[in-house]
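A quick write-up on the structure given underneath.
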Amino acid sequence: MSRFVVQFMKDVLGDNGREREVCQGALEIDASTEGQATEMAKRKFCEQQSLCDWSLHADRIRIEAADLHLS
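End of the sequence shown sits at 79 in this note's numbering; the numbers just go up one at a time, nothing left out.
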């Protein structure tokens, strides 16, 4: 099993009128595959934020494998 860091990202306008990328939340997920980690993170993010759909608070998901492999 591998560990993944899943970030929920959103583009917002800053005070200077320029668009910038903001992380709306990040989760560490233990899963067999990147796809499984993404789906698990979507569910957990929705539970934490009391949402029915993660895309209400984020534009996209960024996922990276952590350097830790679990046995």
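Backbone N, C-alpha and C define an ideal beta-carbon position, used for all residues, glycine too.
Exposure label - residue i; buried when at least 16 CB within 10 Å
i	result
V20	exposed
Contacting residues, own chain, Cβ-Cβ under 8 Å from residue i (five flanking each side not counted)
i	result
K52	L35, I37
Straight-line gap, residue i to residue j (C-alpha atoms, nearest Å)
i	j	result
E47	C54	11 Å
S58	A73	26 Å
C60	G43	20 Å
F12	D75	9 Å
D23	A66	19 Å
A49	V30	17 Å
Proximity winner among the options, relative to residue i (alpha-carbon distances)
i	options	result
G33	R68, C60, G22	R68
L64	F12, E72, A45, K18	K18
Spatial neighbours of residue i in its chain, beta-carbon cut-off 6 Å, leaving aside the 5 residues before and after
i	result
R28	G22
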